[in-house]
């Protein structure tokens, strides 16, 4: 997806050359703990939005999560190419479904 690559490039630019007023630069300045907190918050918001019927809200929350995940990737020095390569490697596997355990079905 070209737009994700473009967004990641902007995130990298803010990491390397931050400027005042940039939310992305703020996250990098605050550090890993702040970035992880935002990833956690956005993950929870995605779960809540997925349980509701507002498709626009769900798309918005997914977008927020993807953005914060890309900030985390940049903070950790991981490129989108690395993620793409791992996903391609996994796609080549056949029969990789994990076995179901009895404890997985308990509520």
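Residue numbers (this note's numbering): 10 to 116. Every residue gets a Cβ at the ideal spot worked out from N, C-alpha and C, and that includes glycine.
Do residue j and residue i come within 8 Å of each other at the CB atom, strictly closer than that value?
i          : j          : result
residue 28 : residue 84 : no
residue 73 : residue 51 : yes
residue 17 : residue 89 : yes
For the alpha helix (DSSP H) that residue i lies in, which residues bound it at each end?
i          : result
residue 67 : 64-85
residue 20 : 11-25
residue 92 : 89-100
Give me the residue from the options with the minimum Cα distance to residue i.
i          : options        : result
residue 19 : 86, 106 and 80 : 80
By DSSP, does residue i sit in helix, in strand, or in coil?
i           : result
residue 30  : coil
residue 109 : coil
residue 3   : The requested residue 3 does not occur in the structure, where the chain is confined to residues 10 to 116.
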